[in-house]
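This note's numbering numbers the first residue of the sequence shown as 1076 and each following residue consecutively. The beta-carbon is built from N, C-alpha and C at its ideal position, and this holds for glycine as well. These notes are about the structure you will find just below.
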Amino acid sequence: MLKLMIVDDEPIILSGIRDMVEQANTAFTRIATACDGTEALDMMAYFRPDVIITDIQMPEMDGLSFIRQAKTRNVTRFIILSGYDVFQYAQDAIRLQVAEYLLKPIDERQLIELLKLMSLDIIGRQHPHASTVSEQEQDAAQDSFSEHVKMLKDYIHNNFMKDISLSDAAAYLNLHPAYTGQLFKKETGDSFVHYINQCRIDKAKELLAGRNQVALEKIAACVGFENRRTFYKVFRKYVGQTPGEYRERIQRPTQSTDCL
């Protein structure tokens, strides 16, 4: 039986999130709500939450200041909600090791999946050998944990031929760009820019190896580079050859080494 605290100065959002969680099948069976950080800290004297969902902009005490004080009381898992796409907020959230930074309006499916993941992690840490956390559930938790990154990869593979940016991908997930980039890096060990360039180069190599002698300018445009110069520069960096040199090498007839 896990405990959840929701902190938001907007009563409609506060009750809405509570209703979402209560109607969903999660392990959070005890839920407390507070309208600002000061009230939430007072409640923590008798209600110690496993996870806190908090807004950033609130009267009396903002969400980030509240998180800093809550962390001194041994609460370590937070989800930030914000109606403001502000880079500094996302940076502060990352420094505070917040589990997620979600933009309003809230995606219910995204929030519930995140809470289910966090509950499995909490139960797994509290009871490492408990039968309540099966291997199947552990696998499901890992799948859920990587859901955002899977969605990002799908977005990149479906759109790398266009002029897309990290901001575009973040908007697709309803997350802040800075947070999205950090999440992608943490999960894959790769930056967003490096990954999208690798996708473009892989497709370019495929086209260069084809029988049709497609013009290099067309290949550059086809895989998402704005001009031939950028295409050449990135291709050489990743492959160690220019596109022309790669095409010549890959299409060169293989010479037989058999003795006559």
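Query raised in the report: Are the beta-carbon atoms belonging to Y1321 and V1314 less than 8 Å from one another?
Result: yes
Query raised in the report: Based on the DSSP output, what are the partners of L1177 in its beta bridges?
Result: L1156 and L1250
Report task. Would you mind giving the Cβ-Cβ distance between H1223 and C1274, rounded to the nearest angstrom? I have them listed as a contact below 8 Å. Result -> So it is not a contact: roughly 18 Å between Cβ atoms.
Query raised in the report: So, using beta-carbon positions, are M1119 and A1145 closer together than 8 Å?
Result: yes
Query raised in the report: Counting Cβ pairs closer than 8 Å, one from the segment 1111-1118 and one from the segment 1227-1243, do we hit at least three?
Result: no
Report task. Note the first and the last residue of the continuous beta strand (DSSP E) segment covering T1108. Result -> F1103 to A1109
Query raised in the report: Under a three-way DSSP split, which group does A1216 fall into?
Result: Residue confidence for A1216 is low, a pLDDT of 45 falling below 50, so the modelled location carries little weight; the figure read from the coordinates is stated next. DSSP places A1216 in helix when its eight states are reduced to three.
Query - Opening and closing residue of the alpha helix (DSSP H) in which V1224 lies - result: E1222 to N1234
**Report entry** Helix, strand or coil at L1258 [DSSP, three-state]
**Finding:** helix
Requested in this report: Pull up the distance between the alpha-carbon of R1148 and that of Q1316, whole angstroms please.
Outcome: 56 Å
Report task. Just mark I1092 as buried or exposed, buried being the case when its beta carbon has 16 or more other beta carbons within 10 Å. Result -> buried
Requested in this report: Please determine, among V1309, I1181, I1131 and L1291, the residue with the shortest C-alpha to C-alpha distance to L1248.
Outcome: I1181
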